[in-house]
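Number of protein chains: 8
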Amino acid sequence: MRLEQRDKLLFIGDSITDCERSPDGEGLFGALGKGYVSVVDGLLQSAYPELGIRVVNKGTSGNTVRDLDARWQTDVLDQKPDWLSIMIGTNDVWRQFDLPYKTESHVYLDEYKAKLEELVVRTKEGVKGIVLMTPFYLEPNKSDAMRATMDLYGEAVRTIAAKHGTLFVDTQAEFDRILEHIYPATIAWDRVHPSMVGHVALARAFLKAVGFDR
Amino acid sequence: MRLEQRDKLLFIGDSITDCERSPDGEGLFGALGKGYVSVVDGLLQSAYPELGIRVVNKGTSGNTVRDLDARWQTDVLDQKPDWLSIMIGTNDVWRQFDLPYKTESHVYLDEYKAKLEELVVRTKEGVKGIVLMTPFYLEPNKSDAMRATMDLYGEAVRTIAAKHGTLFVDTQAEFDRILEHIYPATIAWDRVHPSMVGHVALARAFLKAVGFDR
Amino acid sequence: MRLEQRDKLLFIGDSITDCERSPDGEGLFGALGKGYVSVVDGLLQSAYPELGIRVVNKGTSGNTVRDLDARWQTDVLDQKPDWLSIMIGTNDVWRQFDLPYKTESHVYLDEYKAKLEELVVRTKEGVKGIVLMTPFYLEPNKSDAMRATMDLYGEAVRTIAAKHGTLFVDTQAEFDRILEHIYPATIAWDRVHPSMVGHVALARAFLKAVGFDR
Amino acid sequence: MRLEQRDKLLFIGDSITDCERSPDGEGLFGALGKGYVSVVDGLLQSAYPELGIRVVNKGTSGNTVRDLDARWQTDVLDQKPDWLSIMIGTNDVWRQFDLPYKTESHVYLDEYKAKLEELVVRTKEGVKGIVLMTPFYLEPNKSDAMRATMDLYGEAVRTIAAKHGTLFVDTQAEFDRILEHIYPATIAWDRVHPSMVGHVALARAFLKAVGFDR
Amino acid sequence: MRLEQRDKLLFIGDSITDCERSPDGEGLFGALGKGYVSVVDGLLQSAYPELGIRVVNKGTSGNTVRDLDARWQTDVLDQKPDWLSIMIGTNDVWRQFDLPYKTESHVYLDEYKAKLEELVVRTKEGVKGIVLMTPFYLEPNKSDAMRATMDLYGEAVRTIAAKHGTLFVDTQAEFDRILEHIYPATIAWDRVHPSMVGHVALARAFLKAVGFDR
Amino acid sequence: MRLEQRDKLLFIGDSITDCERSPDGEGLFGALGKGYVSVVDGLLQSAYPELGIRVVNKGTSGNTVRDLDARWQTDVLDQKPDWLSIMIGTNDVWRQFDLPYKTESHVYLDEYKAKLEELVVRTKEGVKGIVLMTPFYLEPNKSDAMRATMDLYGEAVRTIAAKHGTLFVDTQAEFDRILEHIYPATIAWDRVHPSMVGHVALARAFLKAVGFDR
Amino acid sequence: MRLEQRDKLLFIGDSITDCERSPDGEGLFGALGKGYVSVVDGLLQSAYPELGIRVVNKGTSGNTVRDLDARWQTDVLDQKPDWLSIMIGTNDVWRQFDLPYKTESHVYLDEYKAKLEELVVRTKEGVKGIVLMTPFYLEPNKSDAMRATMDLYGEAVRTIAAKHGTLFVDTQAEFDRILEHIYPATIAWDRVHPSMVGHVALARAFLKAVGFDR
Amino acid sequence: MRLEQRDKLLFIGDSITDCERSPDGEGLFGALGKGYVSVVDGLLQSAYPELGIRVVNKGTSGNTVRDLDARWQTDVLDQKPDWLSIMIGTNDVWRQFDLPYKTESHVYLDEYKAKLEELVVRTKEGVKGIVLMTPFYLEPNKSDAMRATMDLYGEAVRTIAAKHGTLFVDTQAEFDRILEHIYPATIAWDRVHPSMVGHVALARAFLKAVGFDR
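Residue numbers (UniProt numbering), protein chains in the order written: chain A, 1 to 214; chain B, 1 to 214; chain C, 1 to 214; chain D, 1 to 214; chain E, 1 to 214; chain F, 1 to 214; chain G, 1 to 214; chain H, 1 to 214.
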């Protein structure tokens with residue numbers, strides 16, 4: 001298990017991370033939101049209560065990597081986390097497919113790669129570890145135009161993780177395993193925002209990457 | 001143009017027909033809902049104001065053909081329409097894919113065919129005409145499991161229309177034409193409930209079937 | 001058909017254009033409002049899906065030509081539309097009849113003409129085309145004081161269109177044709193804000209002007 | 001002044017009478033609604049405080065003479081008023097013009113006359129007096145189709161009043177006097193539901209009929 | 001009748017004047033509030049439609065003469081009324097009796113007199129006329145401590161009116177006449193905010209002062 | 001102290017007793033309401049925690065003695081209280097003064113006396129004790145018409161208490177003592193529903209009657 | 001792993017089970033609530049997607065074993081589950097401590113034992129397995145009066161489980177392990193309704209009992 | 001009785017003091033909140049109406065001694081109270097136990113002591129008297145970790161009170177007396193925010209300290 005006593009673990013991302021978190025992103029009364037961050041916290045605290053891991057959620061609905069870049073100083077660096085998890089890219093891709101004419105809202109692959117790598121570079125010296133999670137799309141057909149695009153973004157995340165030696169979570173692979181048995185609409189009508197089943201899958205994939213073994 | 005002066009035209013179906021119609025289903029203040037029924041009415045009244053067509057919306061969200069059957073007497077026969085349009089089947093299929101374990105909520109193909117044909121038979125003598133519209137799924141990949149199933153239901157509608165000599169609207173074909181150029185998420189995040197673009201497409205397909213030519 | 005692939009088409013006007021549009025005036029979830037702009041978009045996208053026309057709605061309830069003038073830079077010029085449609089004048093006239101004592105809220109004919117022409121002049125060089133739509137009043141009696149005034153404003157729009165070679169839509173003529181068969185209260189209790197029937201009529205008149213032919 | 005000490009004065013009618021009255025139709029906290037009934041009460045109590053007139057409002061939005069007939073026993077006869085005021089007919093006419101195709105909602109002139117007269121006959125023996133108020137339409141153009149129809153209904157009221165010797169208020173004449181100077185939209189956007197100005201006009205016309213002279 | 005064609009008549013005061021007026025204090029949709037100002041307007045427009053009097057309501061709940069002083073420039077002088085009506089003093093007195101320990105909220109008689117007179121002096125040259133209305137308390141017992149105090153404030157208003165030659169309305173006398181027959185709780189549970197009966201009484205007293213005679 | 005361990009003490013009355021109690025009238029989360037019943041409970045439990053007194057609130061807003069009579073079996077007898085406190089009469093009197101014309105809502109003195117005594121007779125054998133509290137009016141002027149009437153009702157309560165040997169609380173006397181120093185509007189704008197100050201006064205008067213001495 | 005393909009697993013209990021479930025207790029949009037039932041479902045579906053376990057939540061806030069008894073036929077037997085999980089007792093005990101005087105709301109140990117055993121007996125023949133979960137109290141001090149009582153109820157569950165050969169989950173032991181490191185207020189201000197941490201702990205304990213091993 | 005005529009008594013603290021007070025913290029309509037401050041006021045005004053004590057509530061939910069320090073000038077010194085009551089420390093301690101990882105939200109004992117003493121020193125010259133109330137925890141087990149910590153903070157208050165000669169209220173001792181007979185959950189589910197029973201206990205303890213003897 002890589003997380004150590006009193007480590008501060010910060011998650012950043014889009015609506016899949018956000019899930020109605022409190023403005024502060026930590027504390028009582030469901031402050032961690034209703035998604036995988038909350039499940040990760042529940043699994044960590046109940047399985048390793050002696051570690052006292054501090055979990056913080058800084059996901060924001062609708063965000064692309066551009067938006068992370070704009071709030072990186074206050075929402076990541078100033079928070080001084082020990083561990084940082086990033087899952088971004090859904091909206092970078094989705095806007096190309098649900099708002100095709102509004103091109104200024106699209107974040108194409110080159111910009112995505114460059115900005116994400118820059119964020120990793122700015123941060124990696126100051127933390128014990130970074131976990132890069134790919135974006136995903138709950139569509140098993142790899143020829144689907146949006147799925148194919150999302151796979152390119154996921155590949156970019158894998159490349160950056162390898163280059164900078166961060167931990168890596170292939171969320172798409174995790175969901176592909178499930179989608180062999182379950183039709184996408186059971187997990188998410190819009191193929192993007194998963195039910196609790198999907199959030200538990202994300203949480204388990206994350207925890208496996210950091211060595212959770214109880 | 002098949003509709004004649006003072007004809008009463010009644011639409012029945014599920015949420016795609018309903019679209020927040022009033023309980024009565026006709027009248028002032030958006031009583032026809034916000035979907036294709038309202039667009040049909042708008043096109044009819046503005047293009048043929050001299051005909052005075054009376055449009056009534058009896059769509060109900062979540063309905064399957066079972067639910068139509070249960071309310072057929074009050075919501076169709078008692079209304080004494082001159083023309084009747086039926087578009088049903090979305091939920092009959094969808095529940096098999098988004099609630100796979102709740103089998104009592106599924107309406108399989110045999111039951112669907114039998115019930116829909118029975119409704120046509122009960123009604124056709126009393127009206128000037130019936131329009132049967134297929135259900136549809138905004139997924140261009142015909143190998144997708146739910147799309148493939150929906151196509152079977154659409155085929156059943158075509159068969160019943162041919163057998164009983166009703167008018168027929170292939171809504172799936174209409175959407176397939178559009179989906180060659182536009183990704184599904186632009187029209188509907190859930191691939192079921194379309195934006196105004198989809199409702200206009202449905203309205204135009206319906207009107208073409210009844211001979212609208214202005 | 002005058003609109004070309006990827007053209008950006010911007011509508012500006014008052015509450016008849018606005019119809020609960022989103023602040024941004026484009027995007028998902030009914031962002032184009034519930035009026036003729038949304039119907040125009042629906043007809044364009046469903047009939048010409050290969051063109052990918054981008055529609056933007058910048059109507060604002062209560063606006064007169066004075067208000068358009070005040071927000072012209074940000075809401076029109078900065079948007080860099082290819083095509084621009086303007087329908088204004090209802091409130092310029094209406095306030096003279098429903099708030100007769102509050103004279104500072106009235107925009108009289110001379111000011112209306114001058115300001116509208118100035119807006120056309122400021123804009124026409126930068127766009128492929130402008131569509132000028134007259135304001136209208138759902139009152140068939142041409143001797144009615146407000147109808148008579150509205151006709152003068154409509155005449156002014158026609159004059160400006162002719163002088164500057166813009167496209168022109170006589171919405172009042174369109175409604176007069178319908179009002180021969182339908183009493184005004186069926187379409188609008190206040191003779192100003194039409195039901196879907198009126199919005200479809202406006203959309204069809206607009207599209208006819210730009211050469212829609214499917 | 002015809003009203004005597006402790007007389008109970010009951011008003012019945014449609015939305016113009018109703019105006020958000022309480023279910024009971026009398027009592028504290030604006031129970032008389034916000035329309036002419038409340039103004040009548042205010043003028044009576046402030047000018048003749050020594051009389052202690054009891055005012056009750058039994059108007060109901062949307063009512064036609066058919067609806068009055070259906071609730072006459074409980075809402076009029078059981079209340080044992082000393083004086084009764086009836087103003088009905090707006091919706092009987094309006095539905096013919098705003099819902100022209102829904103003919104079952106129309107109350108045509110013959111039915112209107114018959115039902116109204118019957119109500120007067122059932123009631124007149126048990127009360128000190130009845131005041132019959134015409135319906136009205138805030139449209140000065142007597143050739144307007146709905147105005148012309150409303151005038152026929154008003155004429156019917158006048159005939160019944162004369163035949164049965166009730167008091168009579170020509171509300172249309174009262175408004176015609178005002179509309180010589182004020183455009184209808186200043187008083188009512190829909191030409192039916194007046195502002196406070198119209199309600200005061202109605203109250204004054206009513207009170208003049210019962211001999212108010214302070 | 002002292003008011004002349006197209007005169008602008010502005011009312012200022014506290015919650016009894018305010019009565020849920022719109023921020024602007026004039027216009028459509030009940031902008032004049034639900035109190036005596038609205039009744040004055042209703043009586044003026046319906047009885048003298050040819051005059052076209054413009055009525056504006058600038059009452060604000062909770063105001064004392066100190067608050068009027070603070071907003072006099074924008075809410076009175078900048079409005080350029082032809083006629084001005086002032087009714088203030090209720091809260092100046094009431095706070096001495098319902099918040100006796102919070103002395104900084106009390107406006108004692110000397111300050112009241114001085115401030116009110118100063119407002120009259122600042123304004124009278126620019127208007128055709130001023131109407132000074134006394135504050136009132138719906139308590140017939142003149143020995144009651146708060147009634148006795150209110151009478152002193154009313155006396156101050158009378159003195160200022162006489163000294164500066166303004167019109168004067170003794171609202172307390174008007175209510176005393178009514179309270180001979182009606183117990184205060186019928187008109188106002190708190191003896192301050194009257195029902196419609198009280199507002200009609202205020203309106204009639206005001207109109208009598210300006211010569212209303214129809 | 002007359003209350004004994006585990007005694008059940010039930011309060012019944014009108015809005016002054018009710019004060020937003022829960023439907024059940026006992027339990028967690030402010031179920032006893034915000035008035036004197038809650039203060040009595042607070043004083044009993046904090047001063048005599050060893051007694052474990054069970055307090056129940058069955059006050060209902062708007063009630064007169066007629067309403068108590070109608071619900072006596074379920075709300076008092078079926079509850080099997082050890083002690084019963086009754087404070088009723090405010091609305092019996094008030095309606096005579098705020099709704100003077102609606103005479104069927106008035107409960108005059110004879111009926112009040114008879115019904116109240118009957119309730120005492122039906123109950124006294126089954127309980128350890130009854131506390132009769134007078135109604136009150138926060139008006140120090142004994143010549144005020146409503147105060148004078150309320151005093152007669154209070155006198156009736158005193159007579160019944162003496163005749164049947166119940167405990168007696170003169171709430172009016174308690175308030176008169178306070179009103180020597182504090183103007184009524186400080187405690188209640190409507191002279192009926194007191195602030196916390198009045199509720200504490202009622203609670204102390206009640207507790208004095210049952211021998212509270214800590 | 002004891003659960004088999006297409007097994008239906010039903011949970012019944014109080015608010016800790018309920019957690020805002022839908023009326024139906026299964027389906028889309030968070031129908032399973034926000035508590036341990038939802039986490040169990042998430043873990044089962046994501047780890048064993050091929051099994052297609054159907055999870056149903058029939059918990060109801062505030063329930064005691066008495067309430068389960070009253071709805072056992074419709075909410076358990078009629079549902080025909082393959083597996084049944086029962087966690088009840090919190091309110092049976094809590095009411096003795098937070099509503100000590102309202103003894104009719106208390107379910108004492110003898111009744112609890114008898115009713116719970118009877119439910120197990122009525123059900124066990126018709127199902128593949130039953131899981132009995134103890135109630136718990138998030139108070140580590142075993143001398144605390146309510147904790148001591150809760151332990152007796154937990155002991156009763158253990159005895160019934162052993163006697164009838166059901167699976168058994170000692171939730172109190174699970175929480176005691178966590179409370180060695182975390183103060184109760186971190187998990188639940190009221191020591192009863194846990195945060196997500198507690199719900200994950202419950203879910204893991206349940207799943208361990210049924211042989212979850214992925 | 002130490003409080004004298006017209007004294008101004010100000011309370012400051014956290015949510016236990018706040019209890020939904022108005023922004024101003026004094027005045028009509030429950031401005032003092034629903035807690036002990038309101039009960040103190042009720043007892044003072046009803047028992048000593050001739051004194052006219054002015055009570056002000058400046059409690060703010062969630063406050064620690066750090067927050068009091070930040071608003072001391074405006075909320076205490078600028079108010080110029082004659083008497084000041086301070087009850088603070090609950091949140092200073094609680095955050096150490098319900099948000100153990102968020103250490104920047106903890107106020108440890110040294111800081112608490114220093115800041116509280118400094119506030120007393122800054123204030124005591126300008127007032128007639130200060131009342132220091134300890135924080136409390138509704139947990140009778142003195143070995144409980146949070147109770148033990150709270151006792152240290154209470155001890156610090158006692159020390160400061162003695163050193164500076166202020167009045168002192170041991171609220172914990174007051175509650176310990178009650179908790180001998182009543183289980184904590186009866187008074188507060190979270191052992192922090194008491195029911196009316198606890199607020200009355202606090203009010204009585206406060207009043208005893210200032211010599212209330214009626």
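For glycine and all other residues, C-beta sits at the position ideal for the given N, C-alpha and C. The structure presented is a predicted model; accordingly, all values stated were derived computationally and were not measured.
### Message
Between which residues of its own chain and Leu77/D is the CB-CB distance below 8 Å, once the five residues before and five after are set aside?
### Response
Arg122, Thr123, Gly126
#### Entry: Presumed contact (8 Å Cβ cut-off) between Asn63/D and Asn91/D, rounded CB distance
6 Å
### Task
Could you tell me whether any Cβ in chain D is nearer than 8 Å to the Cβ of Leu138/B?
no
### Message
Distance check for Arg214/F and Tyr108/F, CA to CA, integer angstroms please.
### Response
40 Å
### Query
Within the chosen definition, does the segment 202–213 of chain D reach the segment 18–32 of chain E through at least 3 CB pairs nearer than 8 Å?
no
### Query
Per DSSP, Trp83/G forms a beta bridge with which residues?
Leu9/G, Gly129/G
### Task
Might you give, ordered along the chain, the residues of its own chain that have their beta carbon closer than 7 Å to the beta carbon of Arg66/A, omitting 5 neighbours on each side?
Val107, Lys115
### Task
Out of Gln5/H, Val200/H, Ile182/H, point me to the one whose CA is closest to Arg95/G's CA.
Ile182/H
### Task
Measuring alpha carbon to alpha carbon, tell me which of Gly198/H, Met1/H, Arg204/H ends up nearest Leu179/H.
Gly198/H
### Query
Does any C-beta atom of chain G lie closer than 8 Å to the C-beta of Val56/A?
no
### Message
Is the separation between the beta-carbon of Leu132/H and that of Pro81/H shorter than 8 Å?
### Response
no
### Task
Could you check which residue in Ile12/E, Ala47/E, Glu111/E, Ile130/E has the C-alpha nearest to that of Lys163/E?
Ile130/E
### Message
Quick check on DSSP: helix, strand or coil for Arg54/C?
### Response
strand
### Cα-Cα separation, Phe97/F to Gln172/E
20 Å
### Reference Arg6/E; option with closest CA among Ser143/E, Asp151/E, Lys128/E, Leu138/E
Lys128/E
### Query
Would a check of beta-carbon distances place Tyr101/G closer than 8 Å to chain F?
yes
### Message
Please classify Phe29/H as buried or exposed, where buried requires at least 16 neighbouring CB atoms within 10 angstroms.
### Response
exposed
### Below-8 Å beta-carbon distance, Trp72/B vs any chain A residue
no
### Query
Any Cβ of chain D within less than 8 Å of the Cβ of Ala31/C?
no
### Task
Output yes or no for whether 8 Å exceeds the beta carbon distance between Met146/E and Ala156/F.
no
### Query
DSSP puts Phe168/F in a beta bridge; with which residues?
Leu132/F
#### Entry: Exposure of Ser143/E, with buried meaning 16 or more beta-carbon neighbours within 10 Å
exposed
### Task
With DSSP as the reference, label Pro184/C as helix, strand or coil.
helix
### Message
Closest to residue 223/H by C-alpha separation, out of Met196/F, Ala201/F, Leu202/F, Arg204/F, would be which residue?
### Response
There is no way to answer for residue 223/H, as the model of chain H reaches only from 1 to 214.
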